[in-house]
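Engineer: Got a structure for you, questions after.
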Amino acid sequence: MSIGKPLASMLLALSTVLPSSVVAQQTSGPDFSVPQSEVFEKAKNYSPFVNFEAPNRVFWGDSHLHTSYSWDAGLVGNTLGPDEAYRFAKGQQVTASSGQPVKLVRPLDWLVVADHAESLGVAVLIERSDPAILKSEVGRTTHDLYKEGKIYEAFENWGTEVIVGGNDPLNDPALTRTVWEEIVDHAENHNTPGQFTAFIGYEWSSAPGGNNLHRVVIMRDGAAEAKRVLPFAAYESDDPEKLWDWMENYEQKTGGQILAIPHNGNISNGVMFSVETQSGEPIDQDYAERRAKWEPLYEVTQMKGDGESHPFLSPNDEFANYENWDRGNWAGEPKTPEMLPHEYARGGLKLGLQMEEVLGINPFKFGMIGGTDSHTSLSTSREDNYFGKVSLMEPGLDRFEGEIVPDPQNAGTGTYEFETIASGLQGVWAKENTRESLWDAMKRKETYATTGSRMTVRVFGGWEYDADDVQKPDFAKTGYLGGVPMGGDLQNAPDGIAPKLMIRTLRDPDGANLDRVQVIKGWLDSNGHAHELVYDVICSDDRKIIDARCERAVGNTVNIEEATYTNSIGDSLLMAFWEDPDFDPSLRAFYYVRVLEIPTPRWTTHDAAFYGGDLPEGVPPAQQDRAYTSPIWYTP
């Protein structure tokens, strides 16, 4: 069969462009005996993703959830254990302890069940009438009150006699091991690499003198390592340095890895970011190194108040007055102004720069995360799906008046149920949904906090970015190759060049539009004094920036009576390129991003609309959810 002239001419033309082996394949089929190196050489860089490995997804989770295995959850009406907590986080509908059906708008990607190491499992053992409970007087009394339905009286009895009194009848290693291994097994049963991550962890609940020094401890490892130890409890020591000793021993003993996350410095009365150790000695280099190693993160927002900043510390920041709890500590000791710089995240970050100037190590070089600290086994952080701090304040007609922080001395330190906030969550930038990948991202601080929303936020800092890089489709690749992500470090500024930030934010697909994106900068002057500035870097609705602020407020669409809002204001996507206009390369600094949503109804407004009641006095009907990223630090 002859080949026509047009086709023959076409093949002749191809032969001048393609290798002879390719022409041969066009006429006689594949010839696998012919080397393809020449073709491969030309095509080896065609795929832009070859040899490029970087985090490509944000995974949502809660690193701080309590179940019925915590004494102050199970003895306050929570009947749901770790199994229900994991199933709920995975998106399943469960029945709350109050008997109401409850479900998330969409599943979480990961969860840490962080039950208190102190009195671990007491309510579960009472429910079983375990002989270990009944053999002590305080155990029998608490058991009988609980079984009689006098739940709060049982809680008060145990709290007064055991937690405050320091005499825990469950301080028995054999009993603790039984309960701990149940908790570990629940995590193992629900951990499905690639689909859902169930971390093994617990909470160490130190509160010397009523000052909150609590830490959530998270293991990177599985049951084999976790079962080789027992959780370190505050009745063994309330000193964080002793916790770090235990953590170091854990890693040496098991070959595993572990980190701790402090929370609620706002109830520490100036101790959380103290410049002295527990023994009253000035922080030295060894302390600074150990704290920076074991505590790379700080829980900046949760149900017991937001802890980013405070109007006293940031008088020029109109958004610093967000859900602050600032009256006192757990013992009812009133707050004084000099305590505040040592309680809030922004204050801690500035103190860290000062300590680094003196010690050469920054003890407060932490990334930002959010967690619920819910004691209901339900990780609910949306304003319209808030199931309360504890099971006694799950949705109902009378959940505004109960006291959360006590006022035993009538000094005005009491904080009430209506003042709790529906917060928060943690976004983690990682490559895959596994314990190892997520934990590693936390360790390197590539993570951020939100007050409950699931807005996507990504930040890169570098020296050579161009203004249009943030608009490019390969924004993340440009960010990693040319700088560092949130949680990273910039050093030794090139002559005449200031840090440049690329920022992208995307609204929660089930939530509110975005109001604005801000950069918060902290720095030291040449005399070692710390300063801060807030820069609005992009505003929704085409608002201009005048003197580093959006020219006007975004507006408010909240219907208070119906507890609704609309996304008729704000933007769904905001992208910003920002270069520090006041950069001095000789001075230490940090930068983090705060993103605000448009106003939405507060959970109390939803309750009032749903049940037909009145709003509590002194609580705003609307609020603005927000995100706080881990900082990027500059070191000369």
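Counting with the working numbering, you get residues 4 to 639 for the letters of the sequence shown. We put the beta carbon where it would ideally sit given N, CA and C, even for glycine. Only a predicted model underlies this, so the values are computations on that prediction, with no experimental measurement involved.
Could you give the residue range of the alpha helix (DSSP H) that holds residue 440?
Structural biologist: 438-446
Engineer: Taking C-beta to C-beta, are residue 384 and residue 455 nearer than 8 angstroms?
Structural biologist: In this structure, residue 455 lies closer than 8 angstroms to residue 384 by Cβ.
Engineer: For the putative contact between residue 127 and residue 71, defined by C-beta atoms under 8 angstroms, what is the C-beta separation to the nearest angstrom?
Structural biologist: 6 angstroms
Engineer: What's the C-alpha gap between residue 144 and residue 535?
Structural biologist: 53 angstroms
Engineer: Starting from the Cα of residue 515, find the closest Cα among 604, 636, 289 and 463 and give me that residue.
Structural biologist: 604
Engineer: I'd like to know if the region 342-351 and the region 413-423 are in contact, where contact means that at least 3 CB-CB pairs between them fall below 8 angstroms.
Structural biologist: no
Engineer: Using only alpha-carbon positions, find the residue among 480, 532 and 105 that is nearest to residue 55.
Structural biologist: For the options 480, 532 and 105, the alpha carbon positioned closest to that of residue 55 is the one of 480.
Engineer: Determine the closest residue to residue 276 out of 617, 463, 258 and 295, with distance taken between C-alpha atoms.
Structural biologist: When each option's Cα is compared against that of residue 276, the closest is 295.
Engineer: Measuring CA to CA, which of 228, 241 and 522 is closest to residue 169?
Structural biologist: Ranked by Cα distance from residue 169, the first of 228, 241 and 522 is 241.
Engineer: With DSSP collapsed to three states, give me the class of residue 188.
Structural biologist: Note: residue 188 maps to helix in three-state DSSP.
Engineer: Can you check which of these residues, 272, 594, 68 and 576, is closest to residue 526 by C-alpha distance?
Structural biologist: Taking only the C-alpha atoms, the option nearest residue 526 is 594.
Engineer: Determine the extent of the alpha helix (DSSP H) in which residue 485 is found, giving its start and end residues.
Structural biologist: 478-485
Engineer: Considering only DSSP beta bridges, list what residue 524 is partnered with.
Structural biologist: 536 and 594
Engineer: Using only CA atoms, which one of 102, 73 and 88 lies nearest to residue 398?
Structural biologist: 102
Engineer: Spatial neighbours of residue 249 within its chain, please: CB distance less than 7 angstroms, with the 5 preceding and 5 following residues excluded, ordered by chain position.
Structural biologist: 235
Engineer: Taking buried to mean at least 16 other C-beta atoms within 10 Å of its own C-beta, is residue 319 buried or exposed?
Structural biologist: Around the CB of residue 319, fewer than 16 other CB atoms lie within 10 Å, so the residue is classed as exposed.
Engineer: Can you tell me whether DSSP reads residue 144 as helix, strand or coil?
Structural biologist: helix
Engineer: Given this structure, state the Cα-to-Cα distance separating residue 198 from residue 445, to the nearest angstrom.
Structural biologist: 18 angstroms
Engineer: Using only alpha-carbon positions, find the residue among 78, 80 and 96 that is nearest to residue 86.
Structural biologist: 96
Engineer: Where does residue 297 sit, in a helix, a strand or coil, going by DSSP?
Structural biologist: Correct three-state label for residue 297: helix.
Engineer: Between the Cα of residue 619 and those of 261, 400, 193 and 228, spot the shortest distance and give me the residue it belongs to.
Structural biologist: 400
Engineer: Considering only residues of the same chain and omitting the five flanking positions on each side of residue 238, which have a CB-CB separation below 8 angstroms?
Structural biologist: Scanning its chain for C-beta atoms nearer than 8 angstroms, with the 5 sequence neighbours on each side dropped, one finds around residue 238 the residues 121, 169, 171 and 174, in chain order.
Engineer: Just curious, the beta strand (DSSP E) that residue 493 is in, first and last residue?
Structural biologist: 492-494
Engineer: Check the DSSP bridge columns for residue 546 and list the partner residues they point to.
Structural biologist: Answer is none; residue 546 lacks a bridge partner.
Engineer: Throw me the rounded Cβ distance for the residue 608 and residue 572 pair, which I believe falls under 8 angstroms.
Structural biologist: Not a contact, Cβ separation roughly 18 angstroms.
Engineer: Sort 588, 628 and 589 by Cα distance to residue 606 and report the nearest one.
Structural biologist: When C-alpha distances from residue 606 are compared across 588, 628 and 589, the shortest belongs to 628.
Engineer: How should residue 617 be labelled, buried or exposed, when 16 other C-beta atoms within 10 angstroms of its C-beta is the threshold for buried?
Structural biologist: It counts as exposed.
Engineer: For the alpha helix (DSSP H) holding residue 75, just list the boundary residues, first then last.
Structural biologist: 74-77
Engineer: Helix or strand or just coil, what does DSSP make of residue 173?
Structural biologist: coil
Engineer: Any chance you could list the beta strand (DSSP E) runs of at least 3 consecutive residues sitting entirely within the region 395-478, in chain order?
Structural biologist: Complete beta strand (DSSP E) runs here, min 3: 406-408, 428-433, 450-453 and 459-465.
Engineer: How would you label residue 555, buried or exposed, when you count the other beta carbons within 10 angstroms and need 16 or more for buried?
Structural biologist: exposed
Engineer: Please go through the same chain and pick out, in chain order, the residues whose beta-carbon is closer than 7 angstroms to the beta-carbon of residue 634, but skip the five residues on each side of it.
Structural biologist: 352, 593, 594 and 595
Engineer: Below 8 angstroms between beta carbons: does that hold for residue 107 and residue 64?
Structural biologist: No.
Engineer: Start and end of the alpha helix (DSSP H) containing residue 128?
Structural biologist: For residue 128, the enclosing alpha helix (DSSP H) begins and ends at 125-130.
Engineer: Which residues does DSSP list as the beta-bridge partners of residue 503?
Structural biologist: 465 and 582
Engineer: Report the rounded CA-to-CA distance for residue 600 versus residue 502, giving the unit in angstroms.
Structural biologist: Here the alpha carbons of residue 502 and residue 600 stand approximately 26 angstroms from one another.
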